[in-house]
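In what follows, a structure is listed as structure tokens, so that the remarks can point back to it.
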Amino acid sequence: MKLYQMSAIAASGWLYLGLTAGAMAAEPVCGLNNAEKASGEPILVGGINGNAPPGDFSGGTDAAAAYFACVNDNGGINGRPIEYLVENDQWNPELASQVATKLVKDHGVVALVGNGSVVSMAVNARLYVEENVMVMASACAISDCYENSNIVSTNQGPLPSGIGAMKYAIEELGTEHVACIGFNIPNNGGWACDWVAKYMESKGKKSSALLMDPASVDLNSVYLQALAEGVDSILLMLPAGPALGILQVAEEQDGRDTFKWISPTPLYDPSIPGTLGDYWDGHVFVNIELAPFDSSGNDNGNWVAVMDLYGQKGDRRDTFSQSGFLSAKFFVETLLTMDPDKIKRDSVTAAIKGISGLKSDLLCGPYYVGDFDRHMPNHAGRMVVYKGGRFEVVRACYDIESSYLDAIRQQERALNLID
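In this note's numbering, the protein residues as written are 42 to 460.
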């Protein structure tokens with residue numbers, strides 16, 4: 042378990058590729074922003090990430106830790122510091138259950154913030170409801186994350202991001218038949234690819250799901266399957282590592298022009314431009330869930346400033362990190378409206394469910410929670426293309442079209458967020 046105490050984490054002076062001076066703020070702005078260290082009774086907050094093959098989802102908890110450290114150096118929650126307890130479930134279901142029980146039952150955290158784990162969300166979804174604890178996640182990737190009354194995330198996940206990518210591919214690239222390549226995890230790759238298929242069918246197009254066993258990934262085989270299917274496009278519904286692996290297989294086969302290459306957010310990673318090279322220039326299109334890393338908005342700049350001053354060397358600076366920062370910021374803003382002496386789990390859960398209409402330059406629409414049985418406040422994104430050694434925005438904020446959002450639209454109307 043990582044324990045992030047009241048004092049600031051040592052500054053690293055380290056900046057991830059893709060973050061430019063235009064995105065930087067002079068000083069981070071956190072919480073009360075009064076430059077006074079919090080010294081009252083700590084508020085226990087938990088976080089769980091999955092950091093092991095086949096993916097690293099630690100960016101959200103890393104960013105939340107940095108933001109909480111900044112808050113604690115700036116008055117805390119009206120004098121009370123946040124003590125942030127972070128666990129890594131290592132993509133292990135048994136361990137995921139153990140660490141959640143430790144945080145929720147043994148430590149009695151008031152909420153979990155910055156969570157990012159495929160395994161933990163599935164294993165512990167019922168626990169969060171039974172214990173009346175809210176999870177303000179940052180890296181949801183399975184249906185259990187979005188179809189639970191006690192989990193809400195600032196990231197989109199594969200379903201809206203994948204459909205957003207396909208909307209662009211149909212309208213701008215001429216896609217007729219896509220291979221949706223993902224992991225054979227029913228509430229992850231199967232769930233997302235099924236909804237992509239429904240979207241493609243609604244547009245009179247075709248989709249083929251090619252799902253791999255995450256325990257025995259064969260990238261060459263799945264590439265050959267895509268060739269055999271006769272598709273014209275490939276949707277890489279995968280974490281960045283395996284997605285990049287398929288691109289490398291395609292490059293070895295000189296298959297770049299055989300398909301149109303499309304991806305949801307995970308491939309939008311600061312390390313990718315330095316890996317793809319000239320071969321892929323202008324040929325990889327990615328739907329991104331939050332603002333570009335180098336955008337000039339206040340929250341994006343503050344994310345960079347917080348990570349520069351309070352992050353640890355080696356912390357990921359990816360979309361999950363942006364999302365973890367934002368979840369932590371919304372959480373802190375919510376707690377600051379409460380009586381600090383009455384911050385308990387039940388009152389925090391009620392306050393989080395009362396969140397509605399929060400705005401950020403990192404998001405394309407308002408953030409809200411509400412007392413609903415499912416949550417997906419972030420479902421509009423942007424599109425980028427890899428070009429000139431960097432990612433370039435080719436379409437600004439746009440929403441998706443999917444019947445999956447019918448219940449979500451009803452929520453937004455109930456909260457007067459849309460007409």
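Beta carbons: idealized from backbone N, C-alpha and C, even for Gly.
Source: prediction; values computed, not measured.
Thinking C-alpha only, which one of 195, 396, 433 is nearest residue 456?
-> Taking the sequence shown and counting its residues from 1, the one referred to as residue 456 is at position 415. Ranking the options by Cα distance to residue 456, first place goes to 396.
Under a Cβ-count criterion, where at least 16 other Cβ atoms within 10 Å of its own Cβ denotes burial, should residue 191 be classed as buried or exposed? Taking the first residue of the sequence shown as position 1, residue 191 is located at position 150. Label assigned to residue 191: buried.
Residue 82 to residue 385, Cα distance in whole Å? In the sequence shown, residue 82 corresponds to position 41, counting from 1. In the sequence shown, residue 385 corresponds to position 344, counting from 1. About 12 Å.
*In three-state terms, what does DSSP make of residue 364?*
Counting from 1 along the sequence shown, the entry for residue 364 is found at position 323. Looking at residue 364 - three-state DSSP - the assignment turns out to be helix.
- residue 301 vs residue 214 beta-carbon contact at 8 Å: As a first step, residue 301 must be located in the sequence shown, where it is residue number 260. As a first step, residue 214 must be located in the sequence shown, where it is residue number 173. Between residue 301 and residue 214, the CB-CB gap stays under 8 Å.
Quiz item: Identify the residues that DSSP records as bridge partners of residue 212: which are they?
Solution: The residue you call residue 212 lines up with position 171 of the sequence shown. Per DSSP, none; premise fails for residue 212.
Point to revise | Spatially closest choice to residue 365 from 249, 347, 257, by CA coordinates | key: For the purposes of this step, residue 365 is taken as residue 324 along the sequence shown, with counting starting at 1. For the set 249, 347, 257, the Cα lying nearest the Cα of residue 365 is the one of 347.
- Would you mind reading off the limits of the beta strand (DSSP E) that contains residue 303? Sequence index remark: in the sequence shown, residue 303 carries index 262 (1-based). First-last of the beta strand (DSSP E) with residue 303: 301-304.
request  = Report the option in 297, 451, 167, 433 whose CA atom is closest to the CA atom of residue 418.
outcome  = Locating residue 418 in the sequence shown gives position 377, where the first residue counts as 1. The residue with the shortest Cα to Cα distance from residue 418 is 451.
Element boundaries [beta strand (DSSP E), containing residue 253]
Locating residue 253 in the sequence shown gives position 212, where the first residue counts as 1. Taken as a continuous stretch (DSSP letters only), the beta strand (DSSP E) holding residue 253 covers 247-253.
message: Can you tell me whether residue 140 is helix, strand or coil according to DSSP?
response: Indexing the sequence shown from 1 puts residue 140 at position 99. In this structure, residue 140 counts as helix in the three-state DSSP scheme.
- Query: Cβ of residue 110 within 8 Å of Cβ of residue 88?
  - Reply: Residue 110 sits at position 69 when you count from the first residue of the sequence shown. Residue 88 sits at position 47 when you count from the first residue of the sequence shown. The Cβ-Cβ distance between residue 110 and residue 88 does not fall below 8 Å.
7 Å Cβ shell around residue 211 - same chain, five flanking residues per side excluded: Taking the sequence shown and counting its residues from 1, one reaches residue 211 at position 170. For residue 211, where only same-chain residues beyond five positions count, the Cβ hits under 7 Å are 244, 246.
Can you tell me which residues form a DSSP beta bridge with residue 408?
Here residue 408 corresponds to residue number 367 of the sequence shown, with the count starting at 1. BP columns for residue 408 point to 399.
- [ ] Please name the residue or residues paired with residue 432 in a DSSP beta bridge.
- [x] As a working mapping, residue 432 is identified with position 391 in the sequence shown. Paired residues: 427.
*Reducing DSSP to helix, strand and coil, say where residue 180 ends up.*
Against the sequence shown, residue 180 aligns to sequence position 139. DSSP places residue 180 in coil when its eight states are reduced to three.
Just curious, the beta strand (DSSP E) that residue 125 is in, first and last residue?
The count along the sequence shown starts at 1 and reaches residue 125 at position 84. Its beta strand (DSSP E) spans residues 123-129.
Residue 121: buried (16+ other C-beta within 10 angstroms of its C-beta) or exposed?
On the sequence shown, residue 121 is found 80 positions in, with the first residue counted as 1. Buried, by the Cβ-count rule.
Query raised in the report: If you follow the alpha helix (DSSP H) that residue 449 is part of, which residue opens it and which one closes it?
Result: Translated into positions along the sequence shown, residue 449 becomes position 408. Looking at the DSSP string, the run of the alpha helix (DSSP H) that includes residue 449 is 447-455.
Item to complete: Would you tell me roughly how many angstroms separate the C-alpha atoms of residue 159 and residue 343, rounded to the nearest one?
Response: Indexing the sequence shown from 1 puts residue 159 at position 118. Indexing the sequence shown from 1 puts residue 343 at position 302. Rounded to whole angstroms, the separation of the alpha carbons of residue 343 and residue 159 is 28 Å.
Taking the alpha-carbon of residue 453 as reference, which of 409, 444, 438 has the nearest alpha-carbon?
For the purposes of this step, residue 453 is taken as the residue at position 412 of the sequence shown. Out of 409, 444, 438, 409 has the C-alpha closest to the C-alpha of residue 453.
Query - beta strand (DSSP E) segment containing residue 109, residue limits - result: For the purposes of this step, residue 109 is taken as residue 68 along the sequence shown, with counting starting at 1. Per DSSP, residue 109 belongs to no beta strand (DSSP E); it is in the alpha helix (DSSP H), 100-113.
Put residue 151 into one of helix, strand or coil per three-state DSSP.
-> Your numbering for residue 151 matches position 110 in the sequence shown. In the three-state scheme derived from DSSP, where H, G and I count as helix and E and B as strand, residue 151 is classed as coil.
Note to self: Based on DSSP bridge pairs, tell me the residues matched to residue 220.
What the structure shows: Numbered from 1 along the sequence shown, position 179 holds the residue referred to as residue 220. Paired residues: 249, 275.
Just grab the DSSP bridge partners of residue 118 for me. On the sequence shown, residue 118 is found 77 positions in, with the first residue counted as 1. Residue 118 is bridged by DSSP to 121.
Just to confirm before moving on: does the CB-CB distance between residue 91 and residue 361 stay below 8 Å? The sequence position of residue 91 within the sequence shown is 50, counting from 1. The sequence position of residue 361 within the sequence shown is 320, counting from 1. One thing to note: residue 91 has its Cβ no nearer than 8 Å to the Cβ of residue 361.
- residue 234 - DSSP class collapsed to helix/strand/coil: In the sequence shown, residue 234 corresponds to position 193, counting from 1. Helix, per DSSP.
Assigned secondary structure, residue 49 (DSSP; H/G/I helix, E/B strand, else coil):
Taking the first residue of the sequence shown as 1, we reach residue 49 at position 8. At residue 49 the pLDDT is 31, less than 50, meaning the model places this residue with poor confidence and gives no usable figure here.
Query raised in the report: First and last residue of the alpha helix (DSSP H) that includes residue 288?
Result: Against the sequence shown, residue 288 aligns to sequence position 247. That run of the alpha helix (DSSP H) goes 281-293.
### Length of the line joining the Cα atoms of residue 458 and residue 440
Taking the sequence shown and counting its residues from 1, the one referred to as residue 458 is at position 417. Taking the sequence shown and counting its residues from 1, the one referred to as residue 440 is at position 399. For residue 458 and residue 440, the gap between their C-alpha atoms comes out near 15 Å.
Original post:
From what residue to what residue does the beta strand (DSSP E) around residue 296 run?
Top reply: Here residue 296 refers to the residue found at position 255 when the sequence shown is read from its first residue. Element bounds for residue 296: n/a, residue is neither H nor E.
Nearest candidate by alpha-carbon position, reference residue 297, set 258, 237, 275
Residue numbering aside, residue 297 sits at position 256 when the sequence shown is read from its first letter. Considering only alpha carbons, the answer is 275.
* Asked: DSSP beta-bridge partners for residue 84?
  -> The residue you call residue 84 lines up with position 43 of the sequence shown. In the DSSP assignment, the residues bridged to residue 84 are 123.
- Query: Assuming residue 220 and residue 200 make a contact with CB atoms under 8 Å, what is their CB distance in whole Å?
  - Reply: Within the sequence shown, residue 220 is the residue found at index 179, counting from 1. Within the sequence shown, residue 200 is the residue found at index 159, counting from 1. Rounded, the Cβ-Cβ distance is 17 Å, inconsistent with contact.
Coarse secondary structure for residue 369, derived from DSSP in three states
Indexing the sequence shown from 1 puts residue 369 at position 328. Judged by DSSP in its simplified three-state form, residue 369 adopts helix.
Just to check my reading of the structure: residue 328 and residue 305 have Cβ atoms closer than 8 Å, yes? What is that Cβ distance to the nearest angstrom?
On the sequence shown, residue 328 is found 287 positions in, with the first residue counted as 1. On the sequence shown, residue 305 is found 264 positions in, with the first residue counted as 1. That pair is a contact at about 5 Å.
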